[in-house]
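Worksheet for the structure shown next.
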Amino acid sequence: MKKYQKLLNQAMLAPLVNEIIGQYDTRLTVRQIYYRLVAKNIIPNIRSRYNSFDSLLTRLREDGLVDPNRIVDRSRGTIGGESAVEESPEEFLTGELEAFKDCWQQYDLPLWASQSSSIEIWLEKDALSNLVGQICGRYRVLLFPCRGYSSFQMLWEAGGRLKSDTSILYLGDHDPSGLDMEDYIAENCHSNIERIALTREQIDQYKLPAQPVKLRDSRSPRYIAEHGRECWEIDALPPDALQRIIDKAIREYIDQGAWDKRLEEIEEGQEEAKIVLKRIMDDLDTEG
211 MKKYQKLLNQ
221 AMLAPLVNEI
231 IGQYDTRLTV
241 RQIYYRLVAK
251 NIIPNIRSRY
261 NSFDSLLTRL
271 REDGLVDPNR
281 IVDRSRGTIG
291 GESAVEESPE
301 EFLTGELEAF
311 KDCWQQYDLP
321 LWASQSSSIE
331 IWLEKDALSN
341 LVGQICGRYR
351 VLLFPCRGYS
361 SFQMLWEAGG
371 RLKSDTSILY
381 LGDHDPSGLD
391 MEDYIAENCH
401 SNIERIALTR
411 EQIDQYKLPA
421 QPVKLRDSRS
431 PRYIAEHGRE
441 CWEIDALPPD
451 ALQRIIDKAI
461 REYIDQGAWD
471 KRLEEIEEGQ
481 EEAKIVLKRI
491 MDDLDTEG
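Residue numbering for the sequence shown follows the numbering used here, starting at 211 and increasing by one per position.
Here you go:
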């Protein structure tokens, strides 16, 4: 039987959490930090312990023992608000003109138009979208946090967006609902779908902590018959491992030669735009 260390107080937990968040450049969710502690056999993987850990981590942040800037909560956000800044009309125009002088750098072309097919990343858990989005942004891949079972409207809009040569790379939990969602998406979007995480191979490779299947889930009997009574959350994957998995999966769809040629075309276009912009600026100076 595993011997777990007891988290007796905040002072004992704080250095462990700070060590974990210090290992990554990206901000982690509370659940990701929790799973790093589970992997170290510091706390057991049971719901009551997670809830206690969540509360204790809140107090650590309130008391300044853990930096809140190193943790992300994707379940809550803000909409709207002020975007203007205090500046005079002259300051405003000066800033706009400076930006205009550099606008040639914004010339761009769609990279995936150079490829024979395209992809989208669909993510079951919105809480991981920041981590996953870092890799998607690198390759200009659309990320769709579907947050569990997507609504008819979302799937309908996706169906209108997806092309016949577009593949969906899916990331979700290895549990009754997570596996069923994959089938649900494939049936409703009529697209090729590939699960890139979480897979049984990854579970074994990273020795991920399991939790019991929720028997109240109507999909549990089928899952148990095929996979047993244990299930796993994608949050349990080490963040850097998850990013490597996504990076590798995306690159398998890229024709590197065509990709590099497209990048050269963009660079050439930027240089041409720079020349045209200089001509425009010279004409403005002459007229002035």
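We treat Cβ as the ideally placed atom computed from N, Cα and C, and that holds for glycine.
{"query": "Complete runs of the alpha helix (DSSP H) confined to the segment 228-283 [at least 4 residues]", "result": "240-249 and 257-272"}
{"query": "At least 3 beta-carbon pairs within less than 8 Å: the segment 320-329 vs the segment 434-443", "result": "no"}
{"query": "Beta-carbon proximity check, W332 vs F354, cutoff 8 Å", "result": "yes"}
{"query": "Distance CB(A249)-CB(P419) smaller than 8 Å", "result": "yes"}
{"query": "Where E440 sits in the DSSP three-state scheme", "result": "strand"}
{"query": "Nearest-angstrom Cα separation, counted from I444 out to V423", "result": "15 Å"}
{"query": "Same chain only: Cβ atoms within 8 Å of K213, ignoring 5 sequence neighbours per side", "result": "The predicted position of K213 is uncertain, since its pLDDT is 42 and thus under 50; a value taken from the coordinates is nonetheless stated next. N251, listed in sequence order."}
{"query": "Option in T409, Q233 and L223 with minimal Cα separation from D273", "result": "L223"}
{"query": "Alpha helix (DSSP H) runs contained entirely in the segment 317-350, provided each spans 4 or more residues", "result": "339-349"}
{"query": "Segment limits, alpha helix (DSSP H) that includes I413", "result": "R410 to Q415"}
{"query": "Straight-line Cα distance separating A368 from S401", "result": "10 Å"}
{"query": "4-residue-minimum alpha helix (DSSP H) runs that sit fully inside the segment 434-491, ordered along the chain", "result": "449-461"}
{"query": "Three-way DSSP call (helix, strand, coil) for S377 in this model", "result": "strand"}
{"query": "Under the three-state DSSP convention, the category E292 falls into", "result": "coil"}
{"query": "Outcome for P225 when other beta-carbon atoms lying within 10 angstroms are tallied against a minimum of 16", "result": "exposed"}
{"query": "P320, buried or exposed, once every other Cβ within 10 Å from all chains shown has been counted against 16", "result": "exposed"}
{"query": "Alpha-carbon spacing of R499 relative to L341, whole angstroms", "result": "Nothing in the structure corresponds to residue 499, since the chain is present only between 211 and 498."}
{"query": "Cβ-Cβ distance between Q315 and Q480 below 8 Å", "result": "yes"}
{"query": "Cα-Cα separation, I253 to S387", "result": "26 Å"}
{"query": "Test item: CB-CB of I281 and L238 under 8 Å", "result": "yes"}
{"query": "Span of the beta strand (DSSP E) around L353", "result": "L352 to P355"}
{"query": "Segment contact, 8 Å Cβ cut-off, at least three pairs: the segment 255-271 with the segment 447-466", "result": "no"}
{"query": "Selection from L267, Y394, I256 and R257 that minimises the alpha carbon distance to G228", "result": "Before going on, a small fix: residue 228 reads as Asn here, not Gly. Answer by Cα proximity: L267."}
{"query": "Burial state of N279 (16 or more Cβ within 10 Å)", "result": "exposed"}
{"query": "Check whether Y433 and R405 have beta carbons under 8 Å apart", "result": "no"}
{"query": "Bridge-paired residues (DSSP) for I403", "result": "I378"}
{"query": "Other residues of its chain near Q164: CB distance less than 8 Å, five sequence neighbours each side excluded", "result": "As displayed, the chain neither begins before 211 nor continues past 498, which places residue 164 out of reach and without an answer."}
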